[in-house]
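Working notes, beginning with the structure itself.
Numbering (UniProt numbering), first residue to last: 1 to 270.
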């Protein structure tokens, strides 16, 4: 990656963290200098000289730049550790403020139980599905049943969250499509019950454009997440459906489908 590309990428990331473009470019220019004048910053950053002072004032107010009141004035960026810590705290503070605001304005309709039991929602993108997976694993009260068809969807974070569930005395049942997957599951989570699903149809025949199942998660025998993707695609974006409720047909079907790895317990009464 060229220097220009690196700079543009860094500017974009700094903008994502709340800086304006000129502020980001001035800050990056100063990271390349022990210290610099407005003229030197202008020459490196290509920010108009008349705008450099405005950008520096903002950076100084945010704790990212120090000023020496000499003639001409000298400016320098704070150290990388201090800068990243400051930006991270600023980002975290914004997230906390947003969370507080959303909790204040959130309003969910209270629906009859019969309607709630028919809820089916969809999710797109691995990040969103991973986030929902972590939430479901963390909220499990009694049982987690996770069937994994593709090992690439077993991240370190998933293992850590499952370890947390085991520590809470939640029953964890893990199914792997292959012996390799089950072996790793047994190694990583010796306290869990592990079984081989033998459900090769989850992946399919791997022909062009054939969808495959990535994961099946059933929590407390009433909440279900099923992920799918196209393994042979250049952009194998994962999608998922999320369903809840004991009477939901999808939940009942999947409970029985993976029941070979669960304790022999009858379906709960509706």
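All residues carry an ideal CB built from backbone N, CA and C; glycine is no exception. From a predicted model like this one, the values you see are computed outputs, not experimental measurements.
With respect to the C-alpha of residue 251, the residue from 222, 241, 102 and 71 having the closest C-alpha is 222.
Unbroken beta strand (DSSP E) runs of no fewer than 3 residues, entirely contained in the stretch 114-180, are found at 120-124, 143-148 and 171-176, following chain order. In this structure, residue 174 lies away from residue 158, with their beta-carbon atoms at least 8 Å apart. Excluding five sequence positions before and after residue 122, the CB atoms of its chain that fall closer than 6 Å to its own CB belong to 241, given in chain order. Secondary structure of residue 196 (DSSP, three-state): strand.
Across the set 152, 139, 180 and 238, the C-alpha of 139 shows the shortest separation from the C-alpha of residue 218. Just so you know, the alpha carbons of residue 154 and residue 90 end up roughly 31 Å apart. The beta-carbon distance between residue 75 and residue 45, rounded to whole angstroms, is 12 Å. This is too long to meet the 8 Å contact definition.
Following the DSSP letters along the chain, one finds residue 67 inside the beta strand (DSSP E) bounded by residues 65-68. According to the DSSP assignment, residue 219 belongs to the beta strand (DSSP E) that extends over 212-219. Within the DSSP bridge table, the entry for residue 75 names 36 and 67 as partners. Excluding the 5 residues flanking it on each side, residue 60 has same chain C-beta neighbours closer than 7 Å at 67, in chain order. Secondary-structure assignment with DSSP links residue 225 through a beta bridge to 217 and 242.
Leaving aside the five residues that flank residue 42 on each side, the residues in its chain whose CB is nearer than 8 Å to its CB run, in chain order, 48, 49 and 52.
Of the other Cβ atoms in all chains shown, 16 or more fall within 10 Å of the Cβ of residue 78; this residue is therefore buried. The C-beta of residue 165 has 16 or more other C-beta atoms within 10 Å across all chains shown, which makes the residue buried. Judged by beta-carbon spacing, residue 55 lies within the 8 Å limit of residue 23, meaning their Cβ atoms are closer than that value. The continuous alpha helix (DSSP H) containing residue 81 extends over residues 80-105.
Counting every other CB atom within 10 Å of its CB across the protein chains shown gives residue 29 a total of 16 or more, marking it as buried.
The alpha-carbon separation between residue 63 and residue 220 amounts to approximately 48 Å.
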